[in-house]
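Chains as they are written, first to last, in the working numbering: chain A, 4 to 329; chain B, 4 to 329; chain C, 4 to 329; chain D, 4 to 329.
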């Protein structure tokens, strides 16, 4: 008899398919069913309803439906006593997220939110090195998450869909919360929700935070730049690259070179480290959590804080617009 | 008898030396004297006072002293009836700048401010193409001007010293003024003035503007990224590179590639165009202005607007800090 | 009744697994069996012998065994009247390759060699543009295929394993054959076969060709640089990037910039075009060939020419070493 | 009375002007005259003949005339008892170079050749680290020196003009001589001399060497890549960048990333070190040599060996062409 965990996936869009691919290759789990109410594909053996899946007695489920259905599905799982890994954002609104969290807490179930950047090997390595003090006290975190509108469907705006990545990774890597938020959002491409966010924030520890997030740039970027008192990290989460820029110590007397690189330069190191696929690590950490072996998940309460920060950014933008008479 | 313009330089620090080098190579001018009250160098034939220079009857002078002395020197030049190209920022304060502007206007003299980025060939080429409509309506301008503290002396903070470059180029390239400003400044390295600025602004035409400017990053950056409805420009003013990213049209079905470049990509073009040294162009345009042949200078009133915007950023930061109880 | 082609895969190493993945997603084919005599994986439904596969009556098979077994497997397929797509290199030796080709020709079967670079979208786009005359007559082709020793098994040296990619793509993109070959190979890491090739060649049309191929460099590179009379192409086959450097026309008078970019620069364009996975295109083209709808395969005779050129490089290296008394 | 060395420059083309600029800023020397028989510029205070310069009793002279005049000028300096720093290549032919060397040796004078890459800070730092054993035994050196035809005049072909840089730096950094040479040259642009070199060589210590040198590529490159048993160095001599690629140790299990970076990666470090302008260092080292304080010059005999290697490359190309019946 298999001791593998039985796992189900609800939703079979872009992220649902990724979960299915990763679960098929993961040791220690059996993928027992995929619910796809839309039935996009004839070739896949998909279930038509959540009830069909529940009858197979999953140990945990992935909620990868459109955000609008997270609450309904998650609460049904909680009532059935099943742990759940819910795609980000946790819900369309903080209120909805709170109802989800209560449902899981009442039943003493593990719920987690799929803020996948926390499992990106480059950000994990950066955090590990920051905790060791490599760059000293952090001064500024600037993220850019720009690119064309993706093929996949999103039923929320760019703040809740994309910027929650940046908010969550910033909260996590700094270990502190947003204190002040100035943000601007815009709808430029005719979609119902906003497709651009620019935010200037201060964290409770005084770190300056800047986010540029949109679905409008032709150039795809996923970068996090962290300036500390003793050096800086540049992280490209697509290639999982972590580059360290040490503070400048060497003089450049050669004028041509100094023009480009500055009068002083420090070593630049792009570190090598084992790079595992983030979604795989996310499942490994979730498994550990439900087996009582680890706590490296994004809790539902954590996911709600990230969502609340996103909502704060939208509010900041609205109040700015109204002050400006727009 | 030479019909060359007689030019003097006042101040022989980092920028003063650059002006001297460029003026020595420029056709149509004779460098008639350099005033260096500090007398840093024994090897250079420098004058000890502005009076010595004025006796040589310059047609125009460059004011490259520390900012604190701009007003005193500029007004003495105006009273002597001499046109002046004043290094940026025009003055330590808007009030001081206004007194300078009045002095030149009363005497009907040409005064200009050395906002050199306007003469950077990559920004000029970008502006030319934007006026032709290449990227359509502009959505967002984001500049980064980060790097280690330079060797040269500055008697103002990073907002007036460096960010005035970004403010001026943004005003100029968009042809509109700043409407709303949220900014944060910090003093991290123990200098008297601020060494970091992060600003989130909206222009009068609705363009979102973001500036990251500091003397704290080990990595030197001088970039301007402009997203328009029909494509984006990336400008590196160090290499004078202008790169155009056209909106994505081609599908990437190859998953490995799509992960990095996105599901759609457009052509990327780095344009070639004649690249002249900006400081040389600045002098050429100033010469044209005093000869009545052109108007491509940064007027004193223009320089004051840029400085006023910088002061607004500092005020925004202070009000934010006081609200946050710091 | 399905009109899909029935396809079998023989060999389940690194490339075998890639074929299986692609065939599972390809329209118009049914993957009917995978032969894995080594039986690496318990989880996959693999056949233990070629006979088991032949009983399922495949329309075509992929030969992805170690090179040493290509001849045995391919001839058995030919005798059974089955078309075959054989991984590169076609065989361990030209003689072996010739026996394979004869077997398929006698039975009037389609045989092809999996020189996958011909299906790389960037090289295809480059070839299309070269045929239109964009870079004029080609002067030089230089390829670099360097990197650490890969995880996968190879039973031939780097010349036959990797350099056959470069030889084949050069023959194909130029439409001409190698005329003179100077090559050097070395064994540096203790493996039985050579792990480094450096080759300097002239093609029959006079083009200079340079190849640097090894399993010794810590930095992974897959680049092809083509200089023509009217411009140059740089191709990175990993990202499927094609970049065009137009001939320099614009003067750089700015000394700092000219130092790096040269006194003249031309436009640089990275083209966007639809990027499909090469292995998928390879199967599509093979399907077309056996359906009589196209001829864009690498024929067995073509694969033999590439292998013969590789053998010539090894001979050149040996004669050089013997002349040098080594 | 000044104890500065009196220095003259003969030739006022591209390199002559660079020497003048550097000598004007160098401590411990007085530039006493520049000979420019062509008299390109009215604005410079130039002498019309070498005799005029000799009357001013220089301690050493720079020979920066066209290569065709090196012998005549150098021998006149030797006869006058004046040390000389001769631009590269030392002479148009080895025979001519030998006559120059004899003249200086007979008079016990210091003669040196301006192979400036030896003073490039990145190559010097690489050599220092190689001597410490950082990359272990060297396996392969590959240089690329490609770009459009420069504005400056050259009276020799690209082998003697540009490739002598690569030959000299390879001899110097490896500390060994060329043993076998296969080379190909071509004239593609209608100039009298060759404008392309591709060379495949083996050094006496077995290192594989590859040079790609031409005036035909639209893209300017000045790179040296050195693969050793324990890592690799990439050097860009334009930016004076030295990058170390350590051997791969870390596994990449993330398939998307492994596709680009390989299954294993090592750290990559771009080192910072003090960067002085090479021409300035060249003069400092020459001064040290004539003052008996150092020996870091490129001796005339060294320059002849480099030139002899260049001539060997041209001969190799000719013999190849004749064998090929061209």
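Beta carbons are placed, not taken as given, at the ideal position from N, Cα and C, and that holds for glycine.
| query | result |
| --- | --- |
| Using 8 Å as the limit for Cβ to Cβ distance, is residue 314 of chain B near chain C? | no |
| Residues of chain D with a CB under 9 Å from the CB of residue 171 of chain B: which are they? | Within 9 Å Cβ-Cβ: nothing; residue 171 of chain B doesn't reach chain D, min ~29 Å. |
| Give me the Cβ distance between residue 172 of chain D and residue 316 of chain D, rounded to the nearest whole Å; I'm assuming they're in contact under 8 Å. | Incorrect: roughly 15 Å between the Cβ atoms, too far for contact. |
| For residue 312 of chain A, which residues in the same chain have their Cβ closer than 6 Å to its Cβ, ignoring the five residues on either side in sequence? | 170, 181 |
| Report buried or exposed for residue 127 of chain A, applying the criterion of at least 16 other Cβ atoms within 10 angstroms of its Cβ. | buried |
| Name, please, each residue of chain A whose Cβ falls closer than 9 Å to the Cβ of residue 164 of chain D. | Ordered by position in chain A, no residue passes the 9 Å Cβ test against residue 164 of chain D, which lies about 21 Å from the chain. |
| By DSSP's criteria, residue 203 of chain B is part of a beta bridge. Which residues make up the other side? | B:185, B:213 |
| Residue 3 of chain D touches chain C at which residues, Cβ-Cβ below 7 Å? | Since the first residue shown for chain D is 4 and the last is 329, residue 3 of chain D is missing from the structure and cannot be characterised. |
| I want to verify the contact list: residues of chain A whose CB lies under 8 Å from the CB of residue 211 of chain B, in sequence order. | 187, 189, 199, 201 |
| If you drop the 5 nearest sequence neighbours on each side, which residues of the same chain put their C-beta closer than 7 Å to that of residue 1 of chain C? | It is not possible to answer for residue 1 of chain C, since the shown part of chain C is limited to 4 through 329. |
| Does DSSP classify residue 6 of chain A as helix, strand or coil? | coil |
| For residue 264 of chain A, which residues in chain B fall below 7 Å Cβ to Cβ? | 223 |
| How far does the alpha helix (DSSP H) with residue 118 of chain A in it reach, from first residue to last? | Here residue 118 of chain A belongs to no alpha helix (DSSP H), and DSSP marks it neither H nor E. |
| If I measure Cβ to Cβ from residue 262 of chain B and keep anything under 7 Å in the same chain, skipping five residues before and after, which residues do I get? | none |
| Can we say the stretch 201-218 of chain D touches the stretch 156-169 of chain D, given the rule of at least three CB pairs closer than 8 Å? | yes |
| Have a look at D:88, D:6, D:96, D:250 and flag the residue whose alpha-carbon is nearest the alpha-carbon of residue 12 of chain D. | D:88 |
| How long is the line joining the alpha carbons of residue 198 of chain C and residue 94 of chain C, rounded to whole angstroms? | 18 Å |
| Does any residue of chain D bring its CB to less than 8 Å from the CB of residue 235 of chain C? | yes |
| Would you check if the distance between the CB atom of residue 275 of chain A and the CB atom of residue 253 of chain D is smaller than 8 Å? | yes |
| DSSP three-state call for residue 243 of chain A: helix, strand or coil? | coil |
| Per DSSP, what are the beta-bridge partners of residue 248 of chain A in this structure? | A:235, A:271 |
| Can you find the residues in the same chain that come closer than 7 Å, C-beta to C-beta, to residue 123 of chain D, ignoring five residues on each side of it along the sequence? | 240, 243, 281 |
| Under 8 Å, do residue 251 of chain B and residue 151 of chain A count as touching if we go by C-beta distance? | yes |
| Applying the 10 Å Cβ sphere with the 16-neighbour rule, what's the burial state of residue 17 of chain D? | exposed |
| Could you check what DSSP says for residue 33 of chain A in three-state terms: helix, strand or coil? | strand |
| When you compare the CB positions of residue 221 of chain B and residue 248 of chain A, do they come within less than 8 Å of one another, or not? | yes |
| Taking just the CA atoms, how far does residue 295 of chain C sit from residue 7 of chain C? | 15 Å |
| Thinking residue 103 of chain C and residue 303 of chain C are a contact (beta carbons under 8 Å), I'd like their distance in whole angstroms, please. | 6 Å |
| Does residue 68 of chain C pass the burial test, meaning 16 or more other C-beta atoms within 10 Å, or should it be called exposed? | buried |
| What runs of the beta strand (DSSP E), each 3 residues or longer, lie entirely inside the stretch 29-112 of chain D? | 32-38, 63-66, 86-90 |
| Cα-Cα, which of B:111, B:66, B:183, B:51 is closest to residue 325 of chain A? | B:183 |
| Where DSSP assigns a beta bridge to residue 146 of chain D, which residues make up the other side? | D:214, D:227 |
| Under 8 Å by Cβ, that's how I've got residue 162 of chain C and residue 305 of chain C pegged, so tell me the actual separation to the nearest angstrom. | Not quite, the Cβ-Cβ distance comes to about 18 Å (not below 8 Å), so this is no contact. |
| Once the 5 residues before and after residue 27 of chain D are set aside, which same chain residues still bring their CB inside 7 Å of it? | 34 |
| Is residue 298 of chain D helix, strand or coil by DSSP? | coil |
| Give the residues from the stretch 139-160 of chain B that approach chain C closer than 8 Å (Cβ to any Cβ), ordered along the chain. | none |
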